[in-house]
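Note sheet for the following structure.
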Amino acid sequence: MLDFVRKHSRSWGIKVLLWLVIIVFVGWGGYLYQTRHEYDIARVGDHFISTSEYTTVYNNMVEGVRKQFGGSLSDELMRALNLREQALQTLIQHYLILRGAKDLGLMATNDEVRLKILEIPAFQSEGKFDAKRYEYVLRQMRMTPDVFEQQMSEDITTHKVQAFIKGRAVVTEDEILADYHLNRDQIKVSYVVLDPASFEDNVSVAESALQGFYRNHEDRYMEPERREIAYVVLNREDLEKEIHPSEDEINRYYEDNLARFKREKQVRAQHILLRVKPDAPHAEVDNIRAQARKILDEARTGKDFAGLANKYSQDEATAKKSGELGFFSSKQMDKDFSAAAFALQPGEISELVRTPLGFDIIKSEEITEERTAPIKEVRSEIEKDIRSQGAQDIAFKQARNLRDLAYARKDIGKAALEMKMKVSGPVWITMSEDQPAFPAPIKAKLFELGEGDVSDMLELPKGLAVAQVKSIKRPQPIPFENLKDKVTTDFRADQARGLAHKRASEILAQAKEKGSLADVAGARNINLRQSEFFSMRDPDKDLKLLQGPSLNSIFSLQDSKPFPEWPLELGNKFVVCQFQGKNPAGELSQEEKAEVSGRIVRQKQTAIWKEWLTEISKTTKVERLKEV
75 MLDFVRKHSR SWGIKVLLWL VIIVFVGWGG YLYQTRHEYD IARVGDHFIS
125 TSEYTTVYNN MVEGVRKQFG GSLSDELMRA LNLREQALQT LIQHYLILRG
175 AKDLGLMATN DEVRLKILEI PAFQSEGKFD AKRYEYVLRQ MRMTPDVFEQ
225 QMSEDITTHK VQAFIKGRAV VTEDEILADY HLNRDQIKVS YVVLDPASFE
275 DNVSVAESAL QGFYRNHEDR YMEPERREIA YVVLNREDLE KEIHPSEDEI
325 NRYYEDNLAR FKREKQVRAQ HILLRVKPDA PHAEVDNIRA QARKILDEAR
375 TGKDFAGLAN KYSQDEATAK KSGELGFFSS KQMDKDFSAA AFALQPGEIS
425 ELVRTPLGFD IIKSEEITEE RTAPIKEVRS EIEKDIRSQG AQDIAFKQAR
475 NLRDLAYARK DIGKAALEMK MKVSGPVWIT MSEDQPAFPA PIKAKLFELG
525 EGDVSDMLEL PKGLAVAQVK SIKRPQPIPF ENLKDKVTTD FRADQARGLA
575 HKRASEILAQ AKEKGSLADV AGARNINLRQ SEFFSMRDPD KDLKLLQGPS
625 LNSIFSLQDS KPFPEWPLEL GNKFVVCQFQ GKNPAGELSQ EEKAEVSGRI
675 VRQKQTAIWK EWLTEISKTT KVERLKEV
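Using my numbering, read the sequence shown as starting at 75 and increasing by one per residue.
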């Protein structure tokens, strides 16, 4: 589709930011490419979802969650998040959207795809699309233009459908006012807090009760699944040592990437900085300007600039280096600083320059004009890049051959022996424990395999790898005797929570009967607290943890209904409260109206979108072919 563009574009530099391409796929978190697959995991209409496609989406989710939770991501939390199911549902939804787009006539056109690709900075050289750069980036991603353009088409299609469906959301004046008062009207309550921790001393701990609690909550006390992995790593650095670029290769690389070797005009300069805050009073600014003027006069009368910088400059990074800044381009400095520096000839000293940091005095030392670096200057850089790219290509081919042979032999050890490669391991791994050999996304892929399965090629920081799951130890209950202290702690907390809830329910019932929470709290010698006026938008500092049904319940209170129907949950604690008054919000301003309207529109768009997905799923056959 982009052939005509490729034929009429100029060459480009090899080093690119690949993530600029990846972030294009914002519609559903697109996968990079599909490797061959052995079986399908689900079917949406006439499209089959492959295992490799599913695994890539799942790995992306795992990596995102791991970045969010860091070292606190446990196997138990992984099970609770149910990412395996979420990944499958994400793919099913993606293909439902494409099916719906076809029915609506909203599929992306070739022109839309072409124009979108032309706009991507990672494919541009000097602000224009560069076909060589485009093809090189895709090679780095192990992707063909056809596959990339298909994925781009799907991404554009998804955005078009979302814009069309969500565009139906409208908001009325009544809805805006109702939402405004719900979030801005203030209430005041009196309340008591019951902390389960204060009930733990009342919990009786019997051996039989502990055993029963352990059996009923066995899923809390499981050894994580463990997998025994044997693997072969193709180290990129080792392969680079075997590559020796020829003169022809170096010259061809240089000619193909001239744009990369362009060097901007640069200035080498010294400076003296006297700091002034941007919001400093005029008197302070005038005082420091006068000090800077005296230093400038000294410099222009022949005083050693380096000595003045050492003595007066308040730039901690350069003062002890005689104010030396080294070479810099105009884009690297503040625009006013650059304008002054680039207007000087070597040896000249600037006027005072006001920047966000204060007052600067600049002395130009040397100028290098814009140029293209000669090949001898960048030769080592070119050789390094050729070796790196060559090593990647060799690693890819060898890993692919090893994978195919391991599939055929059903044993990575035998395949490695035939190919004269070293096998590492076997090692035991879990999803939650750190394993230097396997970053989190790689472990996620290994946990998708069955016993005896050989992985596809795995991308490691130092190269490529192929692995085999030699054996699997499924999650097993940890014996009660090994966990008795933990079970006891959990049992006490669970029972104490039940006692706290029971006490809160009793207090609420008595308060309703007497019509006064204060009387009940006084009779029970419980501390009665008073809130300030607060709203959903600006919660009370001590009631911030109220959420969901508890939050809605407290804001439904009024004179005719002063008590909630049940004790409210405040984090792990319970609250019983009584309505004390209401302070209605003031008149809605135009700015507030716009904010409320925008939020309601977004909420409605989400609801309409979910409703449309539900409807399209009813008319499209969705079949799960394998459990995840």
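Where a beta carbon is used, it is the ideal one built from N, C-alpha and C, also for glycine.
Predicted model, so just to flag it, every value in this text is computed and none were measured.
CA nearest to the CA of residue i, picked from the options
i           : options            : result
residue 188 : 170, 223, 178, 694 : 223
residue 650 : 567, 294, 638, 498 : 638
residue 668 : 548, 368, 251, 691 : 251
residue 192 : 180, 495, 208      : 208
residue 562 : 350, 594, 274, 141 : 274
residue 443 : 640, 342, 565      : 342
residue 690 : 143, 487, 166      : 166
residue 55  : 416, 587, 633      : Since the first residue shown for the chain is 75 and the last is 702, residue 55 is missing from the structure and cannot be characterised.
residue 606 : 598, 617, 597, 596 : 617
residue 240 : 684, 698, 608      : 684
residue 161 : 124, 483, 244      : 124
residue 446 : 349, 334, 545      : 334
residue 348 : 425, 195, 421, 362 : 362
residue 582 : 117, 354, 382, 640 : 640
Residue range of the beta strand (DSSP E) that includes residue i
i           : result
residue 654 : 647–657
residue 428 : 427–429
residue 383 : It is not in any beta strand (DSSP E) - residue 383 instead sits in the alpha helix (DSSP H) that spans 379–386.
residue 681 : That residue, residue 681, is in no beta strand (DSSP E); its alpha helix (DSSP H) goes 664–692.
residue 632 : That residue, residue 632, is in no beta strand (DSSP E); it is neither H nor E in DSSP.
residue 499 : 498–503
residue 438 : 432–442
residue 114 : 114–118
residue 263 : 260–268
residue 303 : 300–309
residue 413 : Not the beta strand (DSSP E): residue 413 falls in the alpha helix (DSSP H), residues 409–416.
residue 225 : That residue, residue 225, is in no beta strand (DSSP E); its alpha helix (DSSP H) goes 219–240.
residue 317 : Looking at the DSSP string, residue 317 is not in any beta strand (DSSP E), and its letter there is neither H nor E.
residue 486 : No beta strand (DSSP E) holds residue 486; the alpha helix (DSSP H) holding it covers 486–492.
residue 643 : 642–644
residue 545 : 537–547
8 Å contact criterion, which residue i and residue j should meet: CB distance rounded
i           : j           : result
residue 269 : residue 574 : 7 Å
residue 314 : residue 213 : The Cβ separation is near 18 Å, so there is no contact.
residue 463 : residue 398 : Not quite, the Cβ-Cβ distance comes to about 37 Å (not below 8 Å), so this is no contact.
residue 301 : residue 503 : 6 Å
Distance, residue j Cα to residue i Cα
i           : j           : result
residue 672 : residue 680 : 12 Å
residue 227 : residue 171 : 13 Å
residue 199 : residue 338 : 15 Å
residue 542 : residue 511 : 14 Å
residue 255 : residue 280 : 52 Å
residue 197 : residue 663 : 46 Å
residue 95  : residue 237 : Caution is warranted here: a pLDDT of 35 is assigned to residue 95, below 50, making its placement in the model unreliable, and the coordinate value is therefore given only provisionally. Computed Cα separation, rounded: 22 Å.
residue 359 : residue 369 : 16 Å
residue 406 : residue 438 : 16 Å
residue 610 : residue 625 : 8 Å
residue 418 : residue 375 : 18 Å
residue 128 : residue 225 : 15 Å
residue 449 : residue 506 : 49 Å
residue 109 : residue 292 : Residue confidence for residue 109 is low, a pLDDT of 38 falling below 50, so the modelled location carries little weight; the figure read from the coordinates is stated next. Their Cα atoms are separated by approximately 39 Å.
residue 757 : residue 131 : The structure shown does not extend to residue 757, since the chain spans only 75 to 702, so no value can be given for it.
residue 253 : residue 655 : 20 Å
residue 708 : residue 659 : Not covered by the structure: residue 708. The range shown for the chain is 75 to 702.
residue 533 : residue 186 : 32 Å
Residue i vs residue j beta-carbon contact at 7 Å
i           : j           : result
residue 469 : residue 528 : no
residue 411 : residue 366 : no
residue 17  : residue 266 : This structure gives no information on residue 17, because the portion of the chain shown stretches from 75 to 702.
residue 263 : residue 653 : yes
residue 501 : residue 261 : no
residue 257 : residue 515 : no
residue 233 : residue 169 : no
residue 531 : residue 306 : no
residue 694 : residue 173 : yes
residue 476 : residue 465 : no
Terminal residues of the alpha helix (DSSP H) in which residue i lies
i           : result
residue 579 : 558–588
residue 598 : 591–598
residue 324 : 321–330
residue 159 : 157–178
residue 728 : Within the shown structure, residues of the chain are numbered from 75 to 702, placing residue 728 beyond reach of any answer.
residue 463 : 449–483
residue 343 : Element bounds for residue 343: not the alpha helix (DSSP H) but the beta strand (DSSP E), 340–349.
residue 704 : Outside the shown range of the chain, which is 75 to 702, sits residue 704, and nothing can be said about it.
Cutoff 7 Å: residue i Cβ touching any chain B Cβ
i           : result
residue 331 : Among the chains of the structure shown, chain B does not appear; only one protein chain is present.
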